[in-house]
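A.B. asks:
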Amino acid sequence: MSHMASEIIAFVLAVSGWVLVSSTLPTDYWKVSTIDGTVITTATFWSNLWKTCVTDSTGVSNCKDFPSMLALEGLFTNAKGFIQACRGLLIAAVSLGFFGSIFALVGMKCTKIGGTDNQKMKITAFSGLLYVLSGLCAMTGISLYAHNITSQFFDPTVLEQKYELGAALFIGWGGSSLTVIGGAILCFSLNDSLRESRIHYSYNGVTSVRSARTRLPDESNSCNAPRDLPRHFDKNAYV
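So the sequence shown is residues -23 to -1, 1 to 216, counted in mature numbering (1 follows the signal peptide of the UniProt record, and there is no 0).
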């Protein structure tokens, strides 16, 4: 596979993962809990990073927004304090992925901007680093949210409504994995480019040395070869 093709595949993977991670921010179902009746589901409780809601059997939802970030307490002093960390990590992931996309478009070989090949290689590697950091931030925030859900679910002392993992968490895990994989490929593309440049340089050096060696015998033979003396002499040559 050529270097340009690997860059394009890595960019598509990273951007796809970044889009999936970004889509989890407004998604409703981060955690879900249902109250089942004898025939139908009577109510569905769901929550995300911004609000908590309940939907009855008729489809009517009643939502309550979380307090502001200043009203939420610390990470370890309140059960809802972890939302601050999750919000910050997800927003940081989206921001890093955005700047990674810009740098990747500038540094890829298929684009005509970004300067020389060495500069484009460094820009591409930097964009890969941003993608990796974006994926790690998203994965950390989503895993922290999922850990809070599971710890409360299996805690017998918790008497509140217990929730299960929502669809947004699985989408976020998949998107963050794609972002990390694409960013890692872009980072390793710098080593591939350096290896190709070394091979090209060594090949040109060997051919130049061989060509010089092949020319030397010809030049020496041309210098040492006896010159043909004229066989016809003028009549005044013996005077």
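Think of the CB as a built atom: it goes at the ideal place given N, C-alpha and C, for glycine as much as any other residue.
#1: Going by DSSP, name the residue or residues bridged to T32.
#2: Assign E(-17) to one of three DSSP states: helix, strand, or coil.
#3: Check this for me: beta carbons of L(-4) and A81, under 8 Å apart or not?
#4: Helix, strand or coil: which one does DSSP assign to L73?
#5: Give the range of the alpha helix (DSSP H) segment to which T93 is assigned.
#6: Does the Cβ of E(-17) have 16 or more other Cβ atoms within 10 Å, making it buried, or fewer, making it exposed?
#7: In three-state DSSP terms, what is K8?
#8: Which whole-angstrom value is the C-beta distance of T21 and T11, which I expect to be below 8 Å?
C.D. replies: Working from what's here:
#1: For T32, which the question treats as bridged, DSSP gives the partners T21 and S38.
#2: Assignment of E(-17) by DSSP, reduced to helix, strand and coil, places it in the helix class.
#3: For L(-4) and A81, no; Cβs fall outside 8 Å.
#4: helix
#5: Premise fails: T93 is in no alpha helix (DSSP H) and is neither H nor E.
#6: buried
#7: K8: strand per DSSP, three-state reduction.
#8: 5 Å
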